[in-house]
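Have a look at the structure below before the remarks.
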Amino acid sequence: MKTPANPFRPIPATLEAVIPETDGIKSFIIRPEIPFDFICGQFAELTLPGVGEAPFAMASPSTKPDTLKFTIQKAGYMTEKLHALTPGELLGVRGPYGNGFAIENYFGKKLLLVIGGVGFPPAMALLHTAIANKDKLKSIHMCYGARSPGDIVYKDAIAELRENIQLDITVDNADDTWEGPVGVVTTLLKKDEIDPHTTIAVVIGPPIMMKFATLRLLELDFKPKDIVLSMERKMYCGIGQCRHCMIDHYFICKDGPVFTYDQLQESPDIWE
Amino acid sequence: MIKIEKSKFSVFIQNLVGDFTVFAPVGEGRQSAFDEVADAESVNTALQNTVQSPKSIFFPQTEVLFTYNDGDVQIPEAADKPFFLWGVRACDARSIMLVDKVFGRAKQRPDDPAFEDPYWKAKLDTAVILTLACNEPASTCFCHWTGDGPFEQAGDLWAVDVGSSYLIESLTEKGKAVLERIENASPAGKTEAAEIDSLRTQAESYLGDLVDLSELKDRMKQMWDDPAWDDIAAKCVNCGACAYACPTCHCFDVQDEGKKGKGKRIRLWDACMFPLFTKEASGHNPRGQAADRVRQRFLHKFSYYWDNYGESLCTGCGRCIYVCPVNLDIRTVVKRFLDIDAAV
Numbered sequence: 022m023k024t025p026a027n028p029f030r031p032i033p034a035t036l037e038a039v040i041p042e043t044d045g046i047k048s049f050i051i052r053p054e055i056p057f058d059f060i061c062g063q064f065a066e067l068t069l070p071g072v073g074e075a076p077f078a079m080a081s082p083s084t085k086p087d088t089l090k091f092t093i094q095k096a097g098y099m100t101e102k103l104h105a106l107t108p109g110e111l112l113g114v115r116g117p118y119g120n121g122f123a124i125e126n127y128f129g130k131k132l133l134l135v136i137g138g139v140g141f142p143p144a145m146a147l148l149h150t151a152i153a154n155k156d157k158l159k160s161i162h163m164c165y166g167a168r169s170p171g172d173i174v175y176k177d178a179i180a181e182l183r184e185n186i187q188l189d190i191t192v193d194n195a196d197d198t199w200e201g202p203v204g205v206v207t208t209l210l211k212k213d214e215i216d217p218h219t220t221i222a223v224v225i226g227p228p229i230m231m232k233f234a235t236l237r238l239l240e241l242d243f244k245p246k247d248i249v250l251s252m253e254r255k256m257y258c259g260i261g262q263c264r265h266c267m268i269d270h271y272f273i274c275k276d277g278p279v280f281t282y283d284q285l286q287e288s289p290d291i292w293e
Numbered sequence: 013m014i015k016i017e018k019s020k021f022s023v024f025i026q027n028l029v030g031d032f033t034v035f036a037p038v039g040e041g042r043q044s045a046f047d048e049v050a051d052a053e054s055v056n057t058a059l060q061n062t063v064q065s066p067k068s069i070f071f072p073q074t075e076v077l078f079t080y081n082d083g084d085v086q087i088p089e090a091a092d093k094p095f096f097l098w099g100v101r102a103c104d105a106r107s108i109m110l111v112d113k114v115f116g117r118a119k120q121r122p123d124d125p126a127f128e129d130p131y132w133k134a135k136l137d138t139a140v141i142l143t144l145a146c147n148e149p150a151s152t153c154f155c156h157w158t159g160d161g162p163f164e165q166a167g168d169l170w171a172v173d174v175g176s177s178y179l180i181e182s183l184t185e186k187g188k189a190v191l192e193r194i195e196n197a198s199p200a201g202k203t204e205a206a207e208i209d210s211l212r213t214q215a216e217s218y219l220g221d222l223v224d225l226s227e228l229k230d231r232m233k234q235m236w237d238d239p240a241w242d243d244i245a246a247k248c249v250n251c252g253a254c255a256y257a258c259p260t261c262h263c264f265d266v267q268d269e270g271k272k273g274k275g276k277r278i279r280l281w282d283a284c285m286f287p288l289f290t291k292e293a294s295g296h297n298p299r300g301q302a303a304d305r306v307r308q309r310f311l312h313k314f315s316y317y318w319d320n321y322g323e324s325l326c327t328g329c330g331r332c333i334y335v336c337p338v339n340l341d342i343r344t345v346v347k348r349f350l351d352i353d354a355a356v
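As they're listed, the protein sequences go chains A and B.
Heads up: the first sequence begins at 22 in my numbering, then just goes up one per residue.
Heads up: the second sequence begins at 13 in my numbering, then just goes up one per residue.
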């Protein structure tokens, strides 16, 4: 009989590289002691010994369990300490947690990603999987909204992504360098370009953006079951026990983070 | 069922102390709690119910999950002796089983990963729980509302205080093994059964009117925007005393104590009543208002847990009523949502 593993025990992992993305965002490449199998959309609890741990979604392809990439915005105590790290540091990782994206449910359809701000990292993991399964999807289209041109992450990957997918980017506030569209991400969702009956829409971003993206998709006649949401709430344990991430009777960490809108539409506080 | 003279109680406890870590009600009033005892003299056998619930025996207020030093992670050794709990009330015994579901014993649905908590499981799986019937429920008790009762049988052993002796019945194999250790016990018969019936009737007479909670699960959800939540929140001071005293509340936080690369990871009780509970690093707080948090607490107790496990997360122990510094009474809250005349 298999002894139940201790779900709180992290796997030691070495920080291999730190890549600056924007002013407040860096990517961290870590190598866990043992391969870390996951599916796109899942997350892990990253330990910084002596400081604590926090949940982050993997941004790297699920086909590469030996090294993981996390793209992290400096926002609080833990992320501030992470941003100060240099390669070689010993970290810990446990997981993966959450359900992730069931890519096979999208086969035969057009895949539309509606992404805001730091929703790009988990979207990147999904894009890796989607591009690998390109022949099973009718098309891949991503609409990405950033606050300003300086806030756009993965700038170096954009040209390569555009070889495989349609990628539209808008910014809330343009600067002199910006030649693309200006406005919130929902302005990219155009009626004559999107067929709600053959498309699965995946929405990832801050709560307010997810709310308005969902409302716009419903306006375009998407069915609630065809709107996929990767929800964010303060999570802690990752295993559905500590209760921080509850929405209605769901645990974002265990029952999600990926939900379809029809699962959540009756819950009054999903956009809080 | 056996009968053991109270004069033999200290022998009974002494017999267990060698092989078990024995926990029993100790202390008085607001200091009353379940604690480790070395002898029967330390046990407060006259308590109605302890203010601190026995949940802390299996889920301590702070617990070291592991220590680490560079890459070396050490999980603390499990306790060397199994636990024996004397004098748990039926409401608390069932509370432990409700939390047990969350800590991995039950699946919310067939594909629920249901992670098992090894710390909780190691302590509970070997523990022997003796439930003591409540001859005199407190004025704060409402266990009959939640399907519990002062004489409900729960745990591994069930005992009734019949004045000069205890009647003890084993309910599980673990309980039976303990009962077999008792010397000088006499078998209980029809006289004792009649005695139990009479005590049960008397105990139940102490409980107030019965309120049917079957509609509550849906009513609370339907009344999401009801001003009742603001009324409750206006009175509540968000101190979290209710959650800490509650035998079924099990929210926790995890923190690290230590220096770079060396330290320990600790699990601590947390409560959904605290504003920081849901506050995110960005500063955003999904439950930023007191009314949001009060609603979460009651909906979790009476609706959400029900959605996941088919029963409510309250066993009517009444501790939250006893400890609340502003006299918020969960019974009044429930009545208000059931439209039974009650002002919060």
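No residue lacks a Cβ here, since even glycine has one placed at the ideal position from N, Cα and C.
The structure displayed is predicted, hence computed values, not measured ones.
When only Cα atoms are considered, B/Glu323 and A/Glu181 end up about 53 angstroms apart. In its chain, beyond the 5 residues on either side, Leu134 and Val249 have a beta carbon closer than 6 angstroms to the beta carbon of A/Val223. Across the stretch 276-294 of chain B, CB contacts with chain A closer than 9 angstroms involve Arg277, Arg279, Asp282, Cys284, Phe289, Thr290, Lys291, Glu292, Ala293 and Ser294, in sequence order along the chain.
Within chain A, no residue has its beta carbon less than 9 angstroms from that of B/Gly41; the closest one is some 30 angstroms off. In chain order, Ala36 and Val49 place their CB closer than 6 angstroms to the CB of B/Val55, counting only its own chain and leaving out the 5 sequence neighbours on each side. Of the residues B/Arg121, B/Pro122, B/Asp112 and B/Glu195, the one whose Cα lies closest to the Cα of B/Asp137 is B/Asp112.
For the pair B/Ala45 and B/Thr62, the CB atoms are nearer than the 8 angstroms cut-off. Cβ-Cβ distances below 6 angstroms link A/Ile60 to Ser83 and Gly121 in the same chain, with the five nearest sequence neighbours on each side left out; the list follows chain order.
Under the 8 angstroms criterion on CB atoms, A/Gly109 is classed as non-interfacial with respect to chain B. Boundaries of the alpha helix (DSSP H) harbouring B/Gly187: Glu185 to Leu191, taken from the DSSP string.
The beta-carbon separation of B/Leu179 and B/Leu169, rounded to 11 angstroms, does not stay under the 8 angstroms limit for a contact.
For A/Gly71 and A/Glu54, the gap between their C-alpha atoms comes out near 19 angstroms.
Against chain A, the beta carbon of B/Asp173 has no neighbour under 8 angstroms; the closest one sits roughly 36 angstroms away.
Taking the C-beta atoms as reference points, A/Pro28 is found nearer than 8 angstroms to B/Phe127. Segment contact: the stretch 151-170 of chain B against the stretch 222-232 of chain B, three or more CB-CB distances shorter than 8 angstroms; contact assigned. For A/Ile50, no alpha helix (DSSP H) encloses it; the enclosing beta strand (DSSP E) starts and ends at Ile46 to Pro53.
Between A/Thr100 and chain B, the shortest Cβ-Cβ separation is below 8 angstroms. Leaving aside the five residues that flank B/Ala257 on each side, the residues in its chain whose CB is nearer than 8 angstroms to its CB run, in chain order, Val63, Gln64, Ser65, Arg331, Cys332, Tyr334 and Val335. Burial state of B/Trp236 is exposed, judged by a 10 Å Cβ sphere holding fewer than 16 other Cβ atoms. Taken through DSSP and simplified to helix, strand or coil, A/Pro117 comes out as strand. The C-alpha of B/Ala58 is placed about 10 angstroms away from the C-alpha of B/Glu40.
Straight across, the Cα-Cα distance linking B/Arg212 with B/Ala102 is about 13 angstroms.
Counting only Cβ-Cβ distances below 7 angstroms, A/Pro33 has contacts in chain B at Gly83, in chain order. Secondary-structure assignment with DSSP links A/Lys90 through a beta bridge to A/Ile50. For the pair of segments examined, the stretch 271-282 of chain B was found to touch the stretch 75-87 of chain B: the number of CB pairs separated by less than 8 angstroms reaches three. With its beta carbon less than 8 angstroms from one in chain B, A/Pro289 belongs to the interface.
Here A/Lys212 has Leu241 as same chain residues with Cβ atoms under 7 angstroms from its own Cβ, once five neighbours each way along the sequence are excluded. Cβ neighbours of A/Val206 within its own chain (closer than 8 angstroms, five residues either side excluded): Val135, Ile136, Gly137, Cys164, Tyr165, Gly166, Thr191, Gly226, Met230 and Ala234.
Nearest CB-CB separation between A/Gly73 and chain B: below the 8 angstroms threshold. A/Ile190 sits in a strand when the DSSP states are folded into three classes. Counting C-beta atoms within 10 angstroms of its own C-beta, B/Asp230 has fewer than 16 neighbours from the protein chains shown and is therefore classed as exposed. A/Ala195 and A/Val203 have their C-alpha atoms some 6 angstroms from each other. DSSP places B/Trp98 in the strand class (E or B) of the three-state scheme. At a cut-off of 8 angstroms, the C-beta of A/Asn27 has a neighbouring C-beta in chain B. Annotation for B/Lys313: Ser324, Leu325 and Cys326 place their beta carbon closer than 7 angstroms to its own, counting only its chain and skipping 5 residues before and after. What A/Ala80 touches in chain B, judged by beta-carbon distance under 8 angstroms, is nothing: the nearest beta carbon there is about 18 angstroms away.
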